[in-house]
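Chemist: Using our numbering, the letters of the sequence shown correspond one by one to residues 20 to 178. A virtual CB, placed ideally from N, CA and C, is assigned to each residue, including glycine. Note that this is a predicted model, so its numbers are computed, not measured. This is the structure I want to talk about, given as structure tokens.
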Amino acid sequence: MVPAYPQRTHDPGFNHNHRGPLTSMAKMEMDALDASLLVAGLASSFMLVGVASFNLFDVAFSDTLFAPAGIGLSTAWVIGYGSIVGTIVTNDNTELQTLSDDIQGLQGYYMAAAIGTLALPVAFVVSPSVSNFITSADLWGLAYVVAVTSGQFALGWML
Numbered sequence: 020m021v022p023a024y025p026q027r028t029h030d031p032g033f034n035h036n037h038r039g040p041l042t043s044m045a046k047m048e049m050d051a052l053d054a055s056l057l058v059a060g061l062a063s064s065f066m067l068v069g070v071a072s073f074n075l076f077d078v079a080f081s082d083t084l085f086a087p088a089g090i091g092l093s094t095a096w097v098i099g100y101g102s103i104v105g106t107i108v109t110n111d112n113t114e115l116q117t118l119s120d121d122i123q124g125l126q127g128y129y130m131a132a133a134i135g136t137l138a139l140p141v142a143f144v145v146s147p148s149v150s151n152f153i154t155s156a157d158l159w160g161l162a163y164v165v166a167v168t169s170g171q172f173a174l175g176w177m178l
């Protein structure tokens with residue numbers, strides 16, 4: 020008699036390198052959390068530069084959420100920078116003590132993208148001339164979005 024559900028007696032070989040839920044993530048790999056944070060960062064970047072807008076429960080994401088030291092931080096900025104920080108912090112290979120060394124170990128474009136991703140959003144809120152330039156035309160806004168998003172991807176992939 021044949022059992023109702025066939026029993027697997029061997030590994031078919033299609034799942035050799037699956038890391039499983041309890042093993043650590045390797046470098047040069049993104050997980051679902053990194054991808055989710057990347058999407059949040061991408062959306063908030065578009066909202067920050069004014070290319071897109073989003074309202075939820077009568078809250079515009081471009082409105083100032085709070086203003087520490089007189090610097091207005093919008094909901095979009097907080098979500099965007101939070102997603103960048105989240106990408107770094109949630110990587111299993113990243114330790115905050117060695118983050119500077121890890122970034123300096125990146126080569127060429129990846130290092131520039133990582134530094135730009137950490138610095139551009141800060142420059143956007145600290146320097147009115149930077150934010151005015153970036154929001155002056157959709158092209159510069161799109162360049163900001165590409166730079167920050169590709170850098171966030173590089174941080175998630177390389178670290």
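Which residue's Cα is closest to the Cα of Ala-88: Val-165, Gln-171, Val-144?
Modeler: Start at 1 with the first residue of the sequence shown, and residue 88 comes out as number 69. Of the listed residues, the one whose Cα sits closest to Ala-88 is Val-144.
Chemist: From this set, Leu-75, Gly-101, Ala-71, Trp-159, which residue's C-alpha is nearest Asp-53's C-alpha?
Modeler: Taking the sequence shown and counting its residues from 1, the one referred to as residue 53 is at position 34. Nearest option by C-alpha distance: Gly-101.
Chemist: Out of Ala-156, Leu-174, Trp-176, state which residue places its alpha-carbon closest to the alpha-carbon of Phe-65.
Modeler: Here residue 65 refers to the residue found at position 46 of the sequence shown. Ranking Ala-156, Leu-174, Trp-176 by Cα distance to Phe-65 puts Ala-156 first.
Chemist: If I follow the unbroken beta strand (DSSP E) through Phe-85, where does it start and stop?
Modeler: Taking the sequence shown and counting its residues from 1, the one referred to as residue 85 is at position 66. Residues 83-85.
Chemist: Would you kindly work out how many angstroms separate the C-alpha atoms of Ile-153 and Ala-59, rounded to a whole number?
Modeler: Mapped onto the sequence shown, residue 153 falls at position 134. Mapped onto the sequence shown, residue 59 falls at position 40. Whole-angstrom Cα-Cα distance: 20 Å.
Chemist: If you check the beta carbons only, do Leu-139 and Val-104 fall under 9 Å apart?
Modeler: Start at 1 with the first residue of the sequence shown, and residue 139 comes out as number 120. Start at 1 with the first residue of the sequence shown, and residue 104 comes out as number 85. No, Cβ-Cβ distance for Leu-139 and Val-104 is not below 9 Å.
Chemist: Whole angstroms are fine: how far does the CA of Leu-57 sit from the CA of Tyr-129?
Modeler: By 1-based counting over the sequence shown, the position of residue 129 is 110. By 1-based counting over the sequence shown, the position of residue 57 is 38. Approximately 16 Å, taken between the alpha carbons.
Chemist: For Asn-74, which beta-bridge partners are listed by DSSP?
Modeler: Your numbering for residue 74 matches position 55 in the sequence shown. According to DSSP, Asn-74 bridges with Ala-79.
Chemist: By DSSP, does Ser-155 sit in helix, in strand, or in coil?
Modeler: The sequence position of residue 155 within the sequence shown is 136, counting from 1. It is coil, neither helix nor strand.
Chemist: Rounded to whole angstroms, what's the CA-CA distance from Tyr-163 to Gly-175? Just pull it up for me.
Modeler: Here the question's residue 163 lines up with position 144 in the sequence shown. Here the question's residue 175 lines up with position 156 in the sequence shown. So the alpha carbons of these two residues sit roughly 18 Å apart.
Chemist: Here's the rule I'm using: 16 or more other beta-carbon atoms within 10 Å means buried, otherwise exposed. How should Phe-85 be labelled?
Modeler: In the sequence shown, counting from the first residue as 1, residue 85 sits at position 66. Burial call: exposed.
Chemist: Among residues of its own chain, excluding the 5 on either side of Gly-99, which ones have a beta-carbon nearer than 7 Å to its beta-carbon?
Modeler: Indexing the sequence shown from 1 puts residue 99 at position 80. Excluding positions up to five away in sequence, the list reads Gly-60, Ser-63, Ser-64, Leu-67, Pro-140.
Chemist: Within a Cβ cutoff of 7 Å, which residues of the same chain sit near Ala-11, ignoring the five residues on either side of it in sequence?
Modeler: Nothing about residue 11 can be read from this structure; the chain reaches only from 20 to 178.
Chemist: So, at 7 Å on beta carbons, what are the nonlocal neighbours of Trp-159 in its own chain, with the 5 sequence-adjacent residues on each side left out?
Modeler: Translated into positions along the sequence shown, residue 159 becomes position 140. Closer than 7 Å at the Cβ level, and outside the excluded window around Trp-159, lie Phe-152, Ile-153.
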